[in-house]
Amino acid sequence: MIQLVETDRPYLVMGLLDADSIAYAIGELIRQAGGRVIYTVQNERLKRIFLDHSKQLSPEEHAALDIRFCDVTQPDEVAALFAGVGTLAGIVHSIAYANPRTCLGRELHTDAVADITLSYEISCVSLATVARHALPNLDGRGSLLALTFDTRHVYPHYNWMGVHKAALEALVRALARRHGRDGLRVNALSAGPLSTKAASKIPGFGQLSQLWQDASPLPWDPHSDRRAVAEAAAFLVGPLARKITGQVLTVDGGASIMGGPLLDFERAPAAGSPEQSIE
Ligand SMILES: NC(=O)c1ccc[n+]([C@@H]2O[C@H](COP(=O)([O-])OP(=O)(O)OC[C@H]3O[C@@H](n4cnc5c(N)ncnc54)[C@H](O)[C@@H]3O)[C@@H](O)[C@H]2O)c1
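In this note's numbering, the protein residues as written are 580 to 858.
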């Protein structure tokens with residue numbers, strides 16, 4: 580039988596905030612495919628505020644979550660995490676941060692260099708920190724997956740996070756080269772806009788989502804398409820991708836290849852419209 584995910588070793592999925600998090604969608608998909616999942620939440624306070632009060636999860640679903648805490652800016656917390664999780668099949672890094680008042684929004688320029696640096700540390704450098712500490716847990720065979728957003732184009736409001744995602748993709752390639760000898764594969768998945776807490780902090784995220792829906796050759800739904808992202812993530816972090824490393828796989832309905840919005844004649848006809856019945 581072909582297996583999407585490993586079932587003997589668990590996956591560590593980092594960056595759970597609530598049930599809308601991409602981390603949760605990926606973890607759930609891995610679990611449904613027969614894998615075991617350990618999540619990380621940044622700290623207990625965020626767990627109390629967001630996860631514990633999430634009505635989207637039943638008490639049974641809450642109880643089933645295996646959660647550890649890890650702030651990736653704290654090297655001792657990263658070290659303690661990997662010292663405590665045992666052997667892993669793979670790791671998903673679903674973590675990013677940018678101060679929306681300084682690093683995102685209408686104006687790119689800012690004096691808040693410390694905010695830019697912190698955003699870079701959390702959204703990019705931490706991937707290398709995780710790779711370094713995770714190596715002993717992978718027993719010479721495993722994978723690391725980061726989440727990115729289209730870096731070939733420049734989007735309004737995304738400013739410094741766009742810069743840091745470009746650096747993250749470069750880091751994925753650098754880590755892939757460095758860790759091939761260790762049996763560690765490193766890839767990134769570039770997702771279209773999805774409605775999450777992090778996304779809600781991006782000023783103009785609604786407009787960005789609309790841009791996407793207007794341009795995407797395949798319909799793109801910022802709510803339900805987290806499942807499509809999770810399916811591709813499980814593939815990339817799992818054994819079927821065993822010869823794939825240093826790559827960025829885009830799962831976005833196709834919008835990021837487009838030179839502008841779809842014209843009317845390029846759209847799928849609405850159900851029941853006259854065009855739909857033309858043979
Ligand atoms: N939502 C989108 O539209 C979208 C699209 C493409 C890529 N992504 C990427 O997906 C990833 C997950 O974001 P999401 O949209 O699920 O939002 P989210 O808010 O659910 O997840 C972001 C996570 O990053 C964590 N984080 C921030 N600082 C941290 C720190 N110092 N230590 C540990 N964790 C920290 C947060 O606690 C949170 O759990 C991010 O890398 C994001 O850039 C999101």
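Glycine is no exception: its CB is placed at the ideal position from the N, C-alpha and C atoms.
Subject >> Anticipated Cβ contact below 8 Å, D650 with Q621, distance rounded >> reply: D650 to Q621, Cβ: 5 Å. Contact.
Subject >> Assigned secondary structure, N678 (DSSP; H/G/I helix, E/B strand, else coil) >> reply: Per DSSP, reduced to three states, the secondary structure at N678 is coil, with no helix or strand assignment.
Original post:
Would the beta-carbon of P715 be found less than 7 Å away from any heavy atom of ligand 1?
Top reply: No.
**OP:** Tell whether a beta-carbon distance below 8 Å holds between K776 and D587.
**Re:** No.
Original post:
When the Cβ atoms of the stretch 600–614 are set against those of the stretch 651–663, are three or more pairs found closer than 8 Å?
Top reply: For the pair of segments examined, the stretch 600–614 was found not to touch the stretch 651–663: the number of CB pairs separated by less than 8 Å stays below three.
Subject >> Completely contained alpha helix (DSSP H) runs for the stretch 592–674, where each covers 4 or more residues >> reply: Runs found: 601–611, 638–643, 654–664.
Subject >> Heavy atom of ligand 1 within 7 Å of K776 beta-carbon >> reply: Distances from the CB of K776 to the heavy atoms of ligand 1 include at least one below 7 Å.
**OP:** List in chain order: all unbroken alpha helix (DSSP H) runs of 4+ residues lying wholly within the stretch 703–782.
**Re:** Counting only runs of 4 or more, we get 705–713, 738–758, 776–779.
Original post:
Does the beta-carbon distance from R747 to S779 come in below 8 Å?
Top reply: The identity of residue 747 in the sequence shown is Leu, whereas the question assumes Arg. No; because the gap between Cβ atoms is not below 8 Å, this pair is not in contact.
**OP:** Quick one: using the 10 Å Cβ neighbour count with 16 as the cut-off for buried, is T645 buried or exposed?
**Re:** Inspection of the sequence shows that residue 645 is occupied by Asp rather than by Thr. D645 should be labelled exposed.
Original post:
Between L773, I781, S788, L797, which lies nearest to M740 when the distance is taken from Cα to Cα?
Top reply: Minimum Cα distance to M740 is reached at I781.
Original post:
With burial defined as no fewer than 16 other Cβ atoms inside 10 Å of the residue's Cβ, what is the status of G839: buried or exposed?
Top reply: Taking every protein chain shown into account, the CB of G839 has fewer than 16 other CB atoms within 10 angstroms, so this residue is exposed.
**OP:** Assign I581 to buried or exposed, taking buried as 16 or more other Cβ atoms, counted over all protein chains shown, within 10 Å of its Cβ.
**Re:** Exposed, by the Cβ-count rule.
Original post:
Where does H743 land, buried or exposed, given buried means 16+ other C-beta within 10 angstroms?
Top reply: H743 should be labelled buried.
**OP:** For the alpha helix (DSSP H) holding V816, just list the boundary residues, first then last.
**Re:** For V816, the enclosing alpha helix (DSSP H) covers residues 805–816.
**OP:** Taking all protein chains shown into account, decide if R627 is buried (16 or more other Cβ within 10 angstroms of its Cβ) or exposed.
**Re:** By the C-beta density criterion, R627 is exposed, having fewer than 16 other C-beta atoms within 10 angstroms.
Original post:
What number of angstroms, rounded off, separates the C-alpha of G719 from the C-alpha of A668?
Top reply: When only Cα atoms are considered, G719 and A668 end up about 10 Å apart.
Subject >> Cβ contact check for the stretch 782–799 and the stretch 748–768: 3 or more pairs under 8 Å >> reply: Touching, no, given that fewer than three Cβ pairs across the two stretches are closer than 8 Å.
Original post:
Nearest to V733 by alpha carbon, out of R685, L842, L724?
Top reply: Out of R685, L842, L724, R685 has the C-alpha closest to the C-alpha of V733.
**OP:** Under 8 Å by Cβ, that's how I've got H672 and M593 pegged, so tell me the actual separation to the nearest angstrom.
**Re:** Confirmed, about 5 Å.
Original post:
CB V704 to CB L591, shorter than 8 Å?
Top reply: No; because the gap between Cβ atoms is not below 8 Å, this pair is not in contact.
Original post:
Do F728 and ligand 1 come close, with the Cβ less than 7 Å from some heavy atom?
Top reply: Within the cutoff, so yes.
Original post:
Does the Cβ of D843 have 16 or more other Cβ atoms within 10 Å, making it buried, or fewer, making it exposed?
Top reply: Exposed.
Original post:
If you drop the 5 nearest sequence neighbours on each side, which residues of the same chain put their C-beta closer than 7 Å to that of S774?
Top reply: Once the five neighbours on either side are set aside, the close Cβ partners of S774 are D599, P801, H802.
Original post:
From F648 to Q786, what does the alpha carbon distance come to, in whole angstroms?
Top reply: Their backbone Cα atoms lie some 34 Å apart in a straight line.
**OP:** Buried or exposed for H641, please, with buried defined as at least 16 other CB atoms from any protein chain shown within 10 angstroms of its CB.
**Re:** Residue environment: H641 is assigned as exposed (fewer than 16 neighbouring CB atoms within 10 Å of its CB, all protein chains considered).
Original post:
What does a CB cutoff of less than 8 Å around I695 pick up in its chain, not counting 5 residues either side in sequence?
Top reply: Counting only Cβ-Cβ distances below 8 Å, and skipping sequence neighbours, we find T681, C682, T689, W739.
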